[in-house]
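Down below is the structure, laid out as structure tokens.
There are 2 protein chains.
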Amino acid sequence: MQEQQYEFEIDLETERIEQLLQSNNLVDFREEFLSYPLYEQAQIYRNLNEESRLQIYSYLSPQEISNMFEILEEDIESIEEYLLEMNKQYAADMLGEMYTDNAVDMLQQLPTDEIPTYLRLMDAKQAKQIREIIHYEDETAGSIMTTEYVSLKANQTVRSAMAILKSMAKEAETIYYTYVINTEGQLVGVLSLRDLIISNEDVMIRDIMSDRVVTVNVDDDQADVAHVARDYDFLALPVIDENNVLLGIITVDDIMDVMHEEATSDYSGLAAVDVDEVTNNPFEAAKKRLPWLITLLFLGMGTSSLISNYEGLISEAAILSVFVTLITGTAGNAGTQSLAVAVRKIGQPETEKRNFSAMILQELLTGLISGLVTGITIMIVVGIWKGNFILGAIIGFSMLMAITVANLAGSLIPILMDRLGFDPAVASGPFISTFSDLTSVLIYFSIAQYFLSNFL
Amino acid sequence: MQEQQYEFEIDLETERIEQLLQSNNLVDFREEFLSYPLYEQAQIYRNLNEESRLQIYSYLSPQEISNMFEILEEDIESIEEYLLEMNKQYAADMLGEMYTDNAVDMLQQLPTDEIPTYLRLMDAKQAKQIREIIHYEDETAGSIMTTEYVSLKANQTVRSAMAILKSMAKEAETIYYTYVINTEGQLVGVLSLRDLIISNEDVMIRDIMSDRVVTVNVDDDQADVAHVARDYDFLALPVIDENNVLLGIITVDDIMDVMHEEATSDYSGLAAVDVDEVTNNPFEAAKKRLPWLITLLFLGMGTSSLISNYEGLISEAAILSVFVTLITGTAGNAGTQSLAVAVRKIGQPETEKRNFSAMILQELLTGLISGLVTGITIMIVVGIWKGNFILGAIIGFSMLMAITVANLAGSLIPILMDRLGFDPAVASGPFISTFSDLTSVLIYFSIAQYFLSNFL
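Chains as they are written, first to last, in the working numbering: chain A, 1177 to 1632; chain B, 1177 to 1632.
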């Protein structure tokens, strides 16, 4: 498989680079290392020990190493270590060479009080651009945008536009989209390099630009930004403020990172664990997972103390205890399903408009239907198995009620969390199933008690 | 929020378009409709009823409507309806105008026996390109690639390359990357439009192309392709066969769709429900969820019949039944956590190399540690609550064992499924927790019986 073969190559390349470093072969190292694609440079660098990395800092210019770090910035775990082992001036120069959004991402990995030091050591213009972006709130459009874009004026020709493009091709993060602004810096049009290339050189930008620009607001949630980019199949999105002033652009490589980030956090939320848990150390893994386990353990204690109220009933009819896990388990499964659907629907921008009560009603009905089918099934099975259709009726009816309540909770709880401003994805599957254990047990034993005292 | 406001615009635009159609105002309709961004055209079209859509087919040429369908193809639910309501020749012409990969996606929504009809009605060259791609297996690189790319020769100048680019700018899916092939059609280099633009017009392609091309194989899994694209921050990836012959390219807009698809299927798998469930009809929703619920119900019956073997024990010590759900619930939560981590790790290409036994051992240890902490906690709590530390010990020890086993199952089961060629994501959280109900109950009652017969 592509990936395997490529992993294999990286290992070979790393060995080769290590040898060149050990033999202090500056010339061959530079030729070999710089010939690799940036991502592979990053992988090799990551595989090296600190000693070799320090050697690299003396073999490569800040400019050369900055290209590699444009890719490496995604590897948040180690950025701090890398930056702090560098000479501060060298690090500052490297950050200065990087695209603003990536430089900001990296600086944010450092202790807050360290950041000013690097900004001071940095080229003034770069430092200014970084200061402009670094204050935007995390996970907003502003925090992932870059200010290195190409802007044009409506009253210039394609020829002059192409001249600007060529001059900016090196520093701009993308030259494939250019943005037309007026004298107030407001965004008035967009133009792709494709449009420029196929147009006559004397045509005015005004005449070929599209003035229906799809934009995102600087405060928009990054998830919504990703949604727009994916819907429109754009390679970059312009970011504006409330006065339609162009502040920066978000390029598709950052969009892909956001999509990955969002997907991972949804997935993690559903399982109540950080699935990007990179550690192979069981102690650290356990440390990350225990908070949820212990919290839910105490929620589970609630269920236990509830059951202990029915100890008398159980010692009379021990058979009841046979079906507790069946009811709690099935209701938990139904609740998890409805939770996952609800979290996804909430995450979709269209839902913003849609009223939640409709969603809840639907889950309620879905629960009733699933509950009815499951309840009748289990009623028959138990009735036949235990030759006792009253027992079957108890289990079946409890199942129906428990599933309905679980479905309701599965949609209600994330919606409430969303309304209260929490991330709905925090309402995890384990939380819902532990919660529905409580309700299911309550339902089951109340119904059982009622039946037994009235029909037996 | 951006999305809201934009949703709002779509509604207004739809109304305007409906009016223009009702007043049979061909000219204004064309001017208005075609002035919208393609995604908005698609949204409006989607909001219209069949009658209005039929009218649109008579107002817009196949070429004009094809642009909109380049975006609409992602909306798989309705494609078949749209295609079948069109005149067959019109539909064939439209498909012929589309990028091959999108045309293939759309054709694949039709009943298989319908496809040849459209291919026959289509322009021969287009039909040939589609036939080349349509046979690639679903979810492989081949199935998402397009054949509309720009290829150059190493021994031509930048000037002639730019001429080719301009001539192909309209039909190529991207002109921002160009691929250099030799006379055997093998891929020998890659070149970005950025490189071309900043180079002197007389330079030879050979001298500015990069000959270290990152490629994917036509049979690679689409998830791995997305991984490569995201890692390298590429806007397009070349697809080759085993002889390094260039077959097509995959553009970043398709990569984003794959990322979304993969994330959704992982998420759905974990919750044992299709979260893209678009229906608002409770019956359909229940129909989609019930198969899992019922399957797991019968797995849960296993747990019940297991418990019924211990009815005697329970009627003696009803207190035991108080903690069943606590142990099964907590173990289920731990199992879900370890499942999610395992599925994610399996999904990462790097894991291919890494041996799974290490992963399983790690989960075993993680389980032991979490189990130890949770077990001791609950032992103390129960000991104090019930003033009975033997009971506490029974619960605590059972908890330790149950969590360890659940963690083991959480990693072992998806790994086995992967080894057996199934999608590991199918081992859902509900499945793992239902499964661990069984093992937990077995552990709990065996331990309880042992303790009670030996210490009381």
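Note that beta-carbon positions come from the ideal geometry of N, C-alpha and C, so glycine has one too. Predicted model, so just to flag it, every value in this text is computed and none were measured.
| Item | Value |
| --- | --- |
| Note down, in chain order, every chain A residue with its Cβ under 9 Å from the Cβ of B:E1487. | A1494, I1495, S1497, V1498 |
| For the pair the stretch 1532 to 1540 of chain B and the stretch 1503 to 1514 of chain A, tell me if three or more CB-CB distances fall below 8 Å. | no |
| Rounded to whole angstroms, what's the CA-CA distance from A:V1203 to B:T1359? Just pull it up for me. | 35 Å |
| Assign A:Q1265 to one of three DSSP states: helix, strand, or coil. | helix |
| Any residues in the stretch 1205 to 1225 of chain B with a beta carbon nearer than 8 Å to a beta carbon of chain A? Which ones, in chain order? | S1211, Y1212, P1213, L1214, Y1215 |
| How close, in whole Å, do the beta carbons of A:L1297 and A:K1264 come, if the pair is a contact with beta carbons under 8 Å? | 6 Å |
| How long is the line joining the alpha carbons of A:A1279 and A:A1267, rounded to whole angstroms? | 11 Å |
| In this structure, how does DSSP classify B:V1557 when only helix, strand and coil are distinguished? | helix |
| Is any non-hydrogen atom of the ligand GDP found closer than 7 Å to the C-beta of B:V1498, if you look at the structure I gave you? | Ligands in the displayed structure: none, and consequently the ligand GDP is not present. |
| Taking the alpha carbon of B:L1475 as the reference point, which residue from A:E1324, A:L1614, A:T1506, A:G1551 has its own alpha carbon closest? | A:T1506 |
| Can you tell me the Cα-Cα spacing of A:Q1625 and A:A1493, whole angstroms? | 10 Å |
| Along chain A, which residues have their Cβ under 7 Å away from the Cβ of B:P1458? | Q1538, L1541, T1542, I1545 |
| Between A:Q1398 and chain B, is any beta-carbon pair separated by less than 8 Å? | no |
| What does B:T1553 reach in chain A if we use C-beta pairs closer than 8 Å? | I1470, L1473 |
| Tell me, please, whether the stretch 1420 to 1436 of chain B touches the stretch 1482 to 1500 of chain A by the rule of three or more beta-carbon pairs shorter than 8 Å. | no |
| State the beta-bridge partners of A:Y1235 as determined by DSSP. | DSSP lists no partner for A:Y1235. |
| What is the DSSP secondary structure of B:E1477, counted as helix, strand or coil? | One detail in the question is off: residue 1477 of chain B reads as Met in this sequence, not Glu. It is helical. |
| Under 8 Å Cβ-Cβ, which residues of chain B neighbour A:D1407? | Y1215, I1247 |
| Could you work out which residues of chain A lie near B:S1491, taking near to mean beta carbons separated by less than 7 Å? | S1491, A1494 |
| For A:N1419, name the three-state secondary structure that DSSP assigns. | coil |
| Do A:Y1620 and A:A1578 have their CB atoms nearer than 8 Å? | yes |
| Any idea if A:E1257 is buried or exposed, counting beta-carbon neighbours within 10 angstroms, 16 or more meaning buried? | exposed |
| What number of angstroms, rounded off, separates the C-alpha of A:D1281 from the C-alpha of A:E1347? | 18 Å |
| Fully enclosed by the stretch 1321 to 1408 of chain B, which alpha helix (DSSP H) runs are 4 residues long or longer? | 1334 to 1344, 1369 to 1374, 1381 to 1384, 1398 to 1408 |
| Take B:N1456 as the anchor and find which of A:L1411, A:D1417, A:V1517, A:N1457 has the nearest alpha-carbon. | A:V1517 |
| Going by the DSSP bridge assignment, what does B:T1427 pair with across the sheet? | B:A1412 |
| Applying a beta-carbon distance threshold of less than 7 Å, which residues of chain B neighbour A:P1429? | The question names Pro, but residue 1429 of chain A is Asp in the sequence shown. Ordered by position in chain B, the residues that pass the 7 Å Cβ test against A:D1429 are D1409. |
| Determine the extent of the alpha helix (DSSP H) in which B:F1611 is found, giving its start and end residues. | 1605 to 1631 |
| Just the Cα atoms here: how many angstroms apart are A:L1286 and A:I1310? | 13 Å |
| Classify B:T1316 as helix, strand or coil using the three-state DSSP reduction. | strand |
| Of all the CB atoms in chain A, is at least one closer than 8 Å to the CB of B:D1442? | yes |
| What's the call for B:F1631, buried or exposed, on a 16-neighbour Cβ count within 10 Å? | exposed |
| Go ahead and pull the three-state DSSP assignment for B:K1529. | Bear in mind that a pLDDT of 45 at B:K1529, under 50, signals an unreliable position, so the number given afterwards is only what the model happens to contain. It is helical. |
| Using the Cβ count rule (16 or more neighbours within 10 Å means buried), how would you classify A:K1521? | buried |
| Going by other Cβ atoms of all chains shown within 10 Å of its Cβ, with 16 needed for buried, is B:R1406 buried or exposed? | buried |
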